[in-house]
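I have placed the structure first, in the form of structure tokens, so that the comments after it can refer back to it.
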Amino acid sequence: MIAEWENQSRVLFSFPKRDGDWGHQLEAASLEMTNLITTTARFVPVTVVCGDMEWVSKYIRIDNSFDLKGPGPSKSKIQLFDLPTNDCWIRDFGPISQQVGERILLHDFRFNGWGQKFEAEADNRVSARLWATGILGDSAMQSHATVLEGGSLETDGQGTLLTTEKCLLNPNRNLHLTKTEITRLLKDQLGFKRIVWLKHGELIGDDTDAHIDTLVRFCNPKTLAYTCSTDPDDPHFDSLQAMERELQVAFPEHHLIPLPLPTPVFAEDDGQRLPATYANFLLTNGAVIVPTYGLPTDAQAMGILADVFSDRELIPLSSRALVHQHGSFHCLSCNLY
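In this note's numbering, each number is its position in the sequence shown, counted from 1, plus 1.
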């Protein structure tokens, strides 16, 4: 599996739609999604899967040959693709890229709505439908019966996988597989040599069962940024402190960079705490796009990540509306190579 800092050929997105779960947050979320898409397109070609093309056209007024003439290293294209979807979180149902010799192999694992929590039939078919059109290039695609989501996998591109037991071993994914069997599958199908299983770490409001991309991210082969709580009164404190100790043991020679846990963000409708995190940044060609929430902790996180990614343009964008559906920029994107 390829590290995210390698040169990308395309980034996939899936746009919010009117019959989805966004409710009164739909317009604000669509604006934030548009900012994310157009910013990403400054650096890499973008394909937007549109389950509601009429709604998308209110925000992205282009045709499929449009060149975005914005600042950045080069002009990149935004392409709209009309395709049925259930939701926006294409990191979890989009293709996973693996380097096999001189070629790229795309993997299409089964998506079951994060353990059958949500309808997922249309999303589960997106990767195969995109590949069949040729839009993904000449890479081969391999389909799998196993349930696996891109947000549950974090790699250094050198054979190490970082993941969580709570997600990958949850019986709501692959009840018939043991930990030993899942380990063998990940090594055989995605080429991993070492798998680090975290037992601790989960954000309140995260309905993915502790996806790693909300908690810990590789920034380069020897640097990990992770969500950290320093407030003993915060309900995340014990779990995130235990996760930090696990990382120190598993990666004793790595630079471990703590990211602040955002000041609590609560849903406007039911008052429930949302899984806001700075670890869910999108890393793409020449840039790092970081979610912000209009909080005092935003500036602290940006300063930390500016030091880590000194060779890339660091771009803060609002994700305050998007996090109401329990995810952010990395969850909303799928990078191809």
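Note that the Cβ used here is the ideal one computed from N, Cα and C, for glycine as well.
Asked                                                                                                                                                                        : Found
When burial is assigned at 16 or more other CB atoms within 10 Å of the CB, is G135 buried or exposed?                                                                       : exposed
Could you check whether Y60 and S98 sit closer than 8 Å to each other, using their CB atoms as the reference points?                                                         : no
Runs of 4 residues minimum, wholly inside the stretch 254-337: which ones carry the alpha helix (DSSP H) assignment?                                                         : 298-309
Would you mind reading off the limits of the beta strand (DSSP E) that contains T161?                                                                                        : T161 to T165
Let me know the alpha helix (DSSP H) ranges lying completely inside the stretch 223-258, each 4 residues or longer, listed in chain order.                                   : 238-251
In chain order, what residues of the same chain lie with their CB nearer than 6 Å to the CB of E150, ignoring the 5 residues before and after it?                            : D93
Looking only at its chain, what residues have a beta carbon closer than 8 Å to the beta carbon of L315, apart from the 5 residues adjacent to it on each side?               : A288, V289, V291, M303, L306 and A307
Any contact of the stretch 225-233 with the stretch 258-276, i.e. 3+ C-beta pairs under 8 Å?                                                                                 : yes
What separation, rounded to the nearest whole angstrom, lies between the Cα atoms of T339 and S320?                                                                          : Given that the chain is displayed from residue 2 to residue 338, the structure contains no residue 339 and the question cannot be resolved.
With H, G and I counted as helix, E and B as strand and the rest as coil, what does DSSP make of D83?                                                                        : strand
Can you tell me where the beta strand (DSSP E) with T209 in it begins and where it stops?                                                                                    : No beta strand (DSSP E) contains T209, which DSSP labels as neither H nor E.
Just curious, the alpha helix (DSSP H) that F94 is in, first and last residue?                                                                                               : I91 to F94
So if DSSP puts W198 in a beta bridge, which residue, or which two residues, is it bridged to?                                                                               : T164
Spell out the partners DSSP gives L106 in its beta bridges.                                                                                                                  : Q99 and A141
Count the other C-beta atoms from every protein chain shown that fall within 10 angstroms of the C-beta of Q117, then say buried if there are 16 or more, exposed otherwise. : exposed
DSSP three-state label for E155, please.                                                                                                                                     : strand
Mind checking L337: buried by the 16 CB within 10 Å criterion, or exposed?                                                                                                   : buried
To the nearest angstrom, how far is it from the Cα of Q242 to the Cα of L296?                                                                                                : 22 Å
If you count every other CB in all the chains shown that lies within 10 Å of the CB of V50, and 16 or more means buried, which is it?                                        : buried
List the residues that DSSP assigns as beta-bridge partners of S10.                                                                                                          : Beta-bridge pairing links S10 to no other residue.
Under 8 Å between the Cβ atoms of D22 and Q273?                                                                                                                              : no
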